[in-house]
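Top line first, the protein sequences correspond to chains A and B. If you read the first sequence in the working numbering, its first letter stands for residue 94, the second for the next number, and so on. If you read the second sequence in the working numbering, its first letter stands for residue 1440, the second for the next number, and so on. Glycine included, each C-beta is placed from N, C-alpha and C at the ideal position. Computed from a predicted model, the values in this text were never measured in an experiment.
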Amino acid sequence: MNWKIPAALLVVALAYPLVFRGNFAINFGVLVLFFALIGQAWNIAGGFGGQLSFGHAVFFGTGAYCSTILQLKLGWSPWSGLAASAGAGALVGALIAALSFRFGLRGSYFALITLAFAEAFRILTNALEFTGGGVGLLLPLKRSALNFQFAERIGFYYTILALTAISIGIAIWLQRSRFGARLAAIRENEDAARALGIDTFREKVKVMALSGALCALGGTFYAQYYLYIDPAVVFGVDKSVEMLLVSMIGGTGTVYGPLIGSLLLTLVGEYTRAITDAQGLSLIIYGSLLILIIGFLPNGLVDLFKLRWRRKARA
Amino acid sequence: MPSRKSRFTRRKFIGATAAASVAFGVPTLLRAQARPIKVGLVHPITGFLAYSGGQSRMGAMMAIDEINAGGGIKSMGGAKLEALLGDNQAKPEVGVSVVEQMQEAGVSAYIGCFSSAVALPATQAAAKYNTPFVIDVGASDNIVNRGLKNVFRLKPGFNASVDDGILGLGEINKAAGNPAKSAVLVHEESEFGTGTAKLLAAKLPSIGIEVKEVMKHANPTRDFANLALRIRGLKPDLVIMSNYQNEYVLLARTLHQQKVDLVSMFSVLGGGFNYKFVKELPDVAQYMIDTNHWFDPTNPRAQAMKKRVEAKGDLFTFEVYLSYNAVKFLADGMERAGSADKEKVNAALAASTWSDHFMPYGPTRMVNGQNTGGKASIQQASRTDIEVIWPAKFASAKPVFPKPKFS
Chain A
94 MNWKIPAALL VVALAYPLVF RGNFAINFGV LVLFFALIGQ AWNIAGGFGG
144 QLSFGHAVFF GTGAYCSTIL QLKLGWSPWS GLAASAGAGA LVGALIAALS
194 FRFGLRGSYF ALITLAFAEA FRILTNALEF TGGGVGLLLP LKRSALNFQF
244 AERIGFYYTI LALTAISIGI AIWLQRSRFG ARLAAIRENE DAARALGIDT
294 FREKVKVMAL SGALCALGGT FYAQYYLYID PAVVFGVDKS VEMLLVSMIG
344 GTGTVYGPLI GSLLLTLVGE YTRAITDAQG LSLIIYGSLL ILIIGFLPNG
394 LVDLFKLRWR RKARA
Chain B
1440 MPSRKSRFTR RKFIGATAAA SVAFGVPTLL RAQARPIKVG LVHPITGFLA
1490 YSGGQSRMGA MMAIDEINAG GGIKSMGGAK LEALLGDNQA KPEVGVSVVE
1540 QMQEAGVSAY IGCFSSAVAL PATQAAAKYN TPFVIDVGAS DNIVNRGLKN
1590 VFRLKPGFNA SVDDGILGLG EINKAAGNPA KSAVLVHEES EFGTGTAKLL
1640 AAKLPSIGIE VKEVMKHANP TRDFANLALR IRGLKPDLVI MSNYQNEYVL
1690 LARTLHQQKV DLVSMFSVLG GGFNYKFVKE LPDVAQYMID TNHWFDPTNP
1740 RAQAMKKRVE AKGDLFTFEV YLSYNAVKFL ADGMERAGSA DKEKVNAALA
1790 ASTWSDHFMP YGPTRMVNGQ NTGGKASIQQ ASRTDIEVIW PAKFASAKPV
1840 FPKPKFS
């Protein structure tokens, strides 16, 4: 294992807000890390485990609502809420996986069932009184680090950096661990994996729980950063697509794919919006770039780095 | 004999003198001109609220152009307003990003955001810099209820609009001999529709109208046939809607197609009640009633602006004049503050008694950032136009209530 890459990335990430001190730059850094976190959550199930999901927003929303409700209704600290939301995300992940895999759903059928679950959760939170219904939930403004509401954006930056670093650490561990190897076997050929004695059901439930927990952490972070959530915002299809997209663009099943994808997509999103006021032009540029990347780098941007490394090795 | 190249001719002397005058003189002129004041417009220009966001931007730009043409902010040496255009895409995270981006560009104030879900985090982000934020459209009362000193809203929010709607409906119903005794509420599922319907359900009994059922629908909804059948079965006197443009029009059209007889179709902040609706579906729109932010039809300036907008081939929707008046309100605050200093502008806006608008409001009176002098009015569509029917002071026509039956 080459520890130089993660160590260098960590140093760069730690130094970033000290070099770029403006709030816009720090907010940009927060967004990159936030999408990298939820993208990595998706990548752990979809990339490493081969369990493609169209509805990861179900975990994201669960995390956001769990910590917010615990805070508003039971007076919990949002930091305890963060831990609880990871538990809730894991539980929902395990439950959806157990229900789906118990009935042999695989591939696109599993992807569709996750989408259905996300929609069901959105409709439920819309209908229930204690989730605030369609009105959503607003967290009171109380700036304090203890309250997970930092007075300066830099506090949020280092928090999301820590969460993203954990998610990347988990991805590195998956690449090296027996659990990761079992997941790779399932991803490549589930029947063959079963024939080798792997309990595929258990492994798939475990990876979905892990993915759900990480995604829920992203949900809590979102709720604390913006202080307002509603069903459409946190359970909407948009969120599922965003986390899927950063992974796919960066490279699924790779450790740094979601981070690279998130960096590029956030950069393109922010930059195209900044350079043009023409209605919708930024989205056209954004969409065109996506088509180009998918067309020429089907395995994601990670391929670019691999090509360079190979050329270097040959030289 | 000196070479031709090095000769300093009279022509060259004049040219050099002119160039030197320009080089030294222009900066002096520039120094004399006041620096422009940057105003950030944070609207959804793409996404499912793109039309409304575009309308808001148009209204705000018209006000900015008008102010600049009139000599800018006079107390600041005629400083011009410069619009910074932002697209919040109706997404909270994008809204915050736009606010931060504009902050770095040196924005002095914001106008936005149409969607309450975007306005809540965006105003919060602006509050860190104490930058004035005038809400042009955005109905949630939470936007102004959180104690942020930099947030102001000229138009009434949910609560006030519902109160005005209930008061007006009660008076119209009473004047007609109380033909409406029951209602079904239909609302969209987000904060706007849910919040409005909740308030309506609690307050309608106070004017003698029983709520038979509250129905929620998703955004978007493409078919209201079943919902219309349920309404027909319940036989309410009124159907009261709170939804966005597309669903508002679709539900109205479905009820019309199914010939559901009602005393009236009423709405509070009905997203689709506008000139486009009347123009495209006059039979459906006729007799529909809406409580909303409307201009004062008796004000010649409002009528003149309506003509200007329509001359461009656009519609004079509520977003246009709410954003227009929001910019004018901000400019008045800056004029009185005599500076773009955020503290001073916030103080001037908080103490505002501005009345140079063309809304059916009195002078502004800000309480915790909410203009309590604002008032919603009630409108009714005819086959060709929209008339104000309540309050009587601003009315341009008498209400048709109950509306004629299909049979």
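Contacts with chain A at 9 Å (Cβ-Cβ) do not include residue 1661 of chain B.
The contact set of residue 375 of chain A on chain B, defined by CB atoms closer than 8 Å, consists of 1485 and 1526 in chain order.
Every unbroken stretch of the alpha helix (DSSP H) spanning 4 or more residues and falling wholly within the stretch 1561-1600 of chain B is given here in chain order: 1581-1584.
Contact check for residue 1527 of chain B against residue 1559 of chain B fails: the beta carbons are separated by 9 Å or more. Neighbours of residue 1569 of chain B in chain A, taken as residues whose beta carbon is under 8 Å from its own, are absent, since the nearest beta carbon is some 13 Å off.
For residue 266 of chain A, the enclosing alpha helix (DSSP H) starts and ends at 246-269. Assignment of residue 1479 of chain B by DSSP, reduced to helix, strand and coil, places it in the strand class. Burial of residue 1575 of chain B is indicated by the presence of at least 16 other C-beta atoms within 10 angstroms of its C-beta. In this structure, residue 1636 of chain B and residue 1653 of chain B form a Cβ contact; the two beta carbons are roughly 6 Å apart against a cut-off of 8 Å. Taking C-beta atoms as the reference points, residue 321 of chain A and residue 1531 of chain B count as a pair closer than 9 Å. By the CB criterion at 9 Å, residue 1565 of chain B and residue 1477 of chain B fall outside the cutoff. Residue 1504 of chain B has no beta-bridge partner at all, per DSSP. Residues are counted here when their Cβ sits less than 9 Å from a Cβ of chain B; for the stretch 115-147 of chain A these are 115, 116, 117, 118, 119, 120, 121, 124 and 127, given in chain order. Runs of the alpha helix (DSSP H) lying entirely within the stretch 1668-1716 of chain B and spanning at least 4 residues, in chain order: 1684-1696.
Measuring C-alpha to C-alpha distances from residue 1770 of chain B to each of B:1537, B:1841, B:1524 and B:1547 identifies B:1547 as the nearest. Proximity of residue 401 of chain A to chain B, defined by a Cβ-Cβ separation below 9 Å, is not satisfied.
Within a 10 Å sphere around the beta-carbon of residue 1762 of chain B sit 16 or more other beta-carbons, which makes this residue buried. Annotation for residue 396 of chain A: 344 and 390 place their beta carbon closer than 8 Å to its own, counting only its chain and skipping 5 residues before and after. With contacts defined as CB atoms closer than 9 Å, residue 148 of chain A and residue 101 of chain A fail to qualify as a contacting pair.
Between residue 1491 of chain B and residue 1749 of chain B, the C-beta spacing is not below 9 Å. Straight across, the Cα-Cα distance linking residue 201 of chain A with residue 194 of chain A is about 13 Å.
Apart from sequence neighbours up to five positions away, the residues of its chain that approach residue 356 of chain A with a beta-carbon distance below 7 Å are 125, ordered along the chain.
Straight across, the Cα-Cα distance linking residue 232 of chain A with residue 1726 of chain B is about 42 Å. Residues of the stretch 310-342 of chain A whose Cβ lies closer than 7 Å to any Cβ of chain B, in chain order: 319, 320, 321, 323, 325 and 326.
Neighbours of residue 1652 of chain B in chain A, taken as residues at a C-beta separation under 8 Å, are lacking, since the least C-beta distance is about 15 Å. Residue 1815 of chain B is positioned such that its CB atom lies closer than 9 Å to that of residue 1604 of chain B.
At a Cβ-Cβ threshold of 9 Å, residue 1506 of chain B and residue 1766 of chain B count as neighbours.
Taking the beta carbon of residue 370 of chain A as reference, the chain B residues within 7 Å of it are 1524, listed in sequence order. Beta-bridge pairing by DSSP links residue 1731 of chain B to B:1816.
With a threshold of 9 Å between beta carbons, residue 240 of chain A makes no contact with chain B. A contact between stretches requires three or more CB pairs, one per stretch, nearer than 8 Å, and the stretch 1699-1713 of chain B fails this requirement with the stretch 1733-1748 of chain B. Listed along the chain, the chain B residues whose CB falls inside 9 Å of the CB of residue 300 of chain A amount to none; the nearest CB is some 28 Å away.
Counting C-beta pairs closer than 8 Å gives fewer than three between the stretch 1603-1620 of chain B and the stretch 1661-1670 of chain B, which falls short of the contact rule. Taking a C-beta distance under 9 Å as the contact criterion, residue 1630 of chain B and residue 323 of chain A qualify as a contact pair. Residue 1836 of chain B carries a coil assignment under DSSP once its states are collapsed to helix, strand and coil. Closest in alpha carbon position to residue 117 of chain A, among A:381, A:367, A:294 and A:376, is A:367.
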